[in-house]
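Peer 1:
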Amino acid sequence: MHFHDDALFPENQDKLVITVAPYGPEWEVDDFPEDLPLSMDEHVQQAVDCFEAGATVLHIHVRELDGKGSKRLSKFNEMLGRLREAVPEMILQIGGSISFAPEGEGAEAKWLSDDTRHMLAELDPAPDQVTIAINTGQMNIMELMTENDTRGTSLERPELAETYREMTVPAGPTWVEEHLRRLQAAGIQPHFQLGSIPQLETVERVVRRGFYTGPLNITWVAIGGGLDGPNPYNMMEFIRRVPDGASLTLETLMRSVLPVNTMAIAMGLHTRCGNEDNLWAPRGGKITSAEQVRQLVRVAGELGREVATAKEAREIYRIGESYADADETLAQAGYAPNRRPGQVGFTHYAQHQNV
Numbered sequence: 009m010h011f012h013d014d015a016l017f018p019e020n021q022d023k024l025v026i027t028v029a030p031y032g033p034e035w036e037v038d039d040f041p042e043d044l045p046l047s048m049d050e051h052v053q054q055a056v057d058c059f060e061a062g063a064t065v066l067h068i069h070v071r072e073l074d075g076k077g078s079k080r081l082s083k084f085n086e087m088l089g090r091l092r093e094a095v096p097e098m099i100l101q102i103g104g105s106i107s108f109a110p111e112g113e114g115a116e117a118k119w120l121s122d123d124t125r126h127m128l129a130e131l132d133p134a135p136d137q138v139t140i141a142i143n144t145g146q147m148n149i150m151e152l153m154t155e156n157d158t159r160g161t162s163l164e165r166p167e168l169a170e171t172y173r174e175m176t177v178p179a180g181p182t183w184v185e186e187h188l189r190r191l192q193a194a195g196i197q198p199h200f201q202l203g204s205i206p207q208l209e210t211v212e213r214v215v216r217r218g219f220y221t222g223p224l225n226i227t228w229v230a231i232g233g234g235l236d237g238p239n240p241y242n243m244m245e246f247i248r249r250v251p252d253g254a255s256l257t258l259e260t261l262m263r264s265v266l267p268v269n270t271m272a273i274a275m276g277l278h279t280r281c282g283n284e285d286n287l288w289a290p291r292g293g294k295i296t297s298a299e300q301v302r303q304l305v306r307v308a309g310e311l312g313r314e315v316a317t318a319k320e321a322r323e324i325y326r327i328g329e330s331y332a333d334a335d336e337t338l339a340q341a342g343y344a345p346n347r348r349p350g351q352v353g354f355t356h357y358a359q360h361q362n363v
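Here's what the structure looks like:
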């Protein structure tokens, strides 16, 4: 991304899109019963509360009544139908892992099969977005957790912490290409969840080869354990490598969420918060998802940055847009064009002409 001298002036920045992830699939309900929903009514109320607080993108997971993360797509269909009535303007974003929570004591924390995740393209009503991981790798969500982060929660149990420590993300090239094909055929926008520059480079290759032809919405996932950590040097290099035409959200975990989101707001990027990412207020005690949203709205207000309405968030994310081919997608994203046969030197869109 390119920053002009006046890029930090809020009047030259897009309005702020706040994503909220208020369903915390890694937690058990007793970890924070005041904020972790169990019933469908509670799931829907979370969405309403967060929307009224200022969030315009809802990252969705669903719980069964036994408290475990739901792996039933019928449950997601029910949830989406309820949400379309309760928060019709919100961008509904399904978490592409569906649920990575263990199914029982001693079970592994793992992402579901390739075939099951492909079925997210068949949800009815269709979500606006499904998040997509790129490149199979480690997703050890415990690596950056401190004793204070897990104190008093289910993640103090060694057997549960261990299963999350060993979790991996299956996202090989064949699956990625087929998943993108199915999502696009269903009119669902993929939201790329990327934890490193190699993953960003793979997305660029996917675009160059024509497997994805649409707007580029990216979240930098700085949760460590096989992905970047919330290191400002990592963050700034990732930002530098993201093309100018993409939208970029910053995501991290626990008490790093607020400082990283504050930097995102100042730089004209977008934010993500909620109990999936963090349970803790800066000075101790727990903080609800809606309170985290209101916190970001206050920070944005202090910096003079306006928060996007749901309609404006859809425009920023270009929901519903698609492009004809790789060439148009590259141009819209701000990447250099593909090399033409016989072309030498550096590729660029602005052609020098003799006047």
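Counting from 1, position 66 in the sequence shown corresponds to residue 74 in my numbering; the numbering is continuous, with no gaps. From the three backbone atoms N, C-alpha and C, an ideal C-beta is built for every residue, glycine too.
1) Look at the Cβ atom of LEU2, then the Cβ atom of LEU191, and state whether they are nearer than 9 Å.
2) According to DSSP, is GLN146 part of a helix, a strand, or is it coil?
3) Opposite ASN225 in the DSSP bridges: which residues?
4) Which term fits SER82, buried or exposed, when burial requires 16 or more other beta carbons within 10 angstroms of its beta carbon?
5) Rounded to the nearest angstrom, how far is the Cβ of MET194 from that of ALA134, given a contact under 8 Å?
6) Name the two residues that bound the continuous beta strand (DSSP E) containing GLN66.
7) Buried or exposed: where does LEU16 fall if 16 or more other Cβ atoms within 10 Å of its Cβ makes it buried?
8) Considering only residues of the same chain and omitting the five flanking positions on each side of TYR172, which have a CB-CB separation below 8 Å?
9) Which runs of the beta strand (DSSP E) fall wholly inside the segment 140–204 and span at least 3 residues, in chain order?
10) Any contact between the segment 334–352 and the segment 247–265? By contact I mean 3 or more CB pairs, one from each, below 8 Å.
11) Kindly list the residues whose CB is nearer than 6 Å to the CB of GLN137, restricted to its own chain and excluding five residues on each side of it in sequence; keep chain order.
12) Measuring straight from C-alpha to C-alpha, what distance separates ALA289 and ARG302?
13) Quick check on DSSP: helix, strand or coil for GLY89?
14) Quick check on the DSSP output: the alpha helix (DSSP H) that includes ILE247 runs from which residue to which?
15) In whole angstroms, give me the CA-to-CA distance for LEU311 and MET98.
16) Using DSSP's beta-bridge definition, name the partner residues of TRP288.
17) Would you mind giving the Cβ-Cβ distance between TYR31 and PRO45, rounded to the nearest angstrom? I have them listed as a contact below 8 Å.
18) Counting only the same chain and skipping the five closest in sequence on each side, list residues whose C-beta sits under 8 Å from that of LEU258.
19) What does a CB cutoff of less than 8 Å around LEU24 pick up in its chain, not counting 5 residues either side in sequence?
20) Hey, GLN146 and GLY233 are a contact pair by Cβ (cut 8 Å); roughly how many whole angstroms apart?
21) Under the assumption that VAL37 contacts HIS51 (Cβ atoms under 8 Å), give the Cβ distance between them as a whole number of angstroms.
22) Run through DSSP, which three-state label would LEU16 get?
23) Would you tell me roughly how many angstroms separate the C-alpha atoms of GLY353 and GLU209, rounded to the nearest one?
24) First and last residue of the alpha helix (DSSP H) that includes LEU261?
25) Do you know offhand how far MET262's Cα is from GLU174's?
26) Leaving out the 5 sequence neighbours to the left and right, which residues in its chain are closer than 7 Å to ILE327 when beta-carbon positions are compared?
27) In the DSSP assignment, the beta strand (DSSP E) including HIS356 goes from what residue to what residue?
28) Leaving out the 5 sequence neighbours to the left and right, which residues in its chain are closer than 7 Å to ARG249 when beta-carbon positions are compared?
29) Is the separation between the beta-carbon of SER107 and that of LYS76 shorter than 9 Å?
Peer 2: So, from the data block:
1) The first residue shown for the chain is 9 and the last is 363, placing residue 2 beyond what the model contains.
2) Of the three classes helix, strand and coil, the one that applies to GLN146 here is strand, per DSSP.
3) Under DSSP, ASN225 forms a beta bridge with SER255.
4) Exposed: under 16 other Cβ atoms inside 10 Å.
5) The amino acid at residue 194 is misidentified as Met; the sequence shows Ala. ALA134 and ALA194 do touch by the CB rule: their CB atoms are close to 6 Å apart, below 8 Å.
6) Before going on, a small fix: residue 66 reads as Leu here, not Gln. Per DSSP, the continuous beta strand (DSSP E) segment holding LEU66 begins and ends at 65–68.
7) Exposed: under 16 other Cβ atoms inside 10 Å.
8) Taken in chain order, the residues that qualify are GLU34, ALA117, ASN148, ILE149, MET150 and LEU163.
9) Segments of the beta strand (DSSP E) lying fully in the segment 140–204: 197–202.
10) Short answer: they touch.
11) Excluding positions up to five away in sequence, the list reads GLN101, GLN197 and HIS199.
12) Those two C-alpha atoms are separated by around 12 Å.
13) Shown here, GLY89 sits in a helix according to DSSP, grouped into three states.
14) First-last of the alpha helix (DSSP H) with ILE247: 240–249.
15) Between the C-alpha atoms of LEU311 and MET98 there is a straight-line separation of about 24 Å.
16) Paired residues: LYS294.
17) Between PRO45 and TYR31 the Cβ distance is about 7 Å, and since that is below 8 Å, they are a contact.
18) Excluding its 5 nearest sequence neighbours in each direction, LEU258 has C-beta neighbours in its own chain below 8 Å: THR227, TRP228, ALA230, MET243, VAL268, ASN269, MET271, ALA272, LEU277, HIS278, THR279 and ARG280, listed in chain order.
19) Excluding residues within five positions, the ones whose Cβ falls inside 8 Å are ILE273, HIS278, THR279, LEU304, ALA308, ARG313, GLU314, VAL315 and ALA316.
20) Contact holds; Cβ gap of about 6 Å.
21) With 8 Å as the limit, VAL37 and HIS51 do not qualify as a contact, their Cβ atoms being about 12 Å apart.
22) Here DSSP, grouped into helix, strand and coil, assigns LEU16 to coil.
23) Rounded to the nearest whole angstrom, the CA to CA distance from GLY353 to GLU209 is 20 Å.
24) No alpha helix (DSSP H) holds LEU261; DSSP gives it neither H nor E.
25) Cα to Cα, MET262 sits roughly 19 Å from GLU174.
26) So the qualifying residues of the chain are ILE99, ASP136 and GLN197.
27) Where HIS356 is concerned, there is no enclosing beta strand (DSSP E), given that its DSSP letter is neither H nor E.
28) Residues of the same chain with a CB within less than 7 Å of the CB of ARG249, apart from the 5 flanking positions on each side, are ILE205 and LEU208 in chain order.
29) Cβ atoms of SER107 and LYS76: closer than 9 Å.
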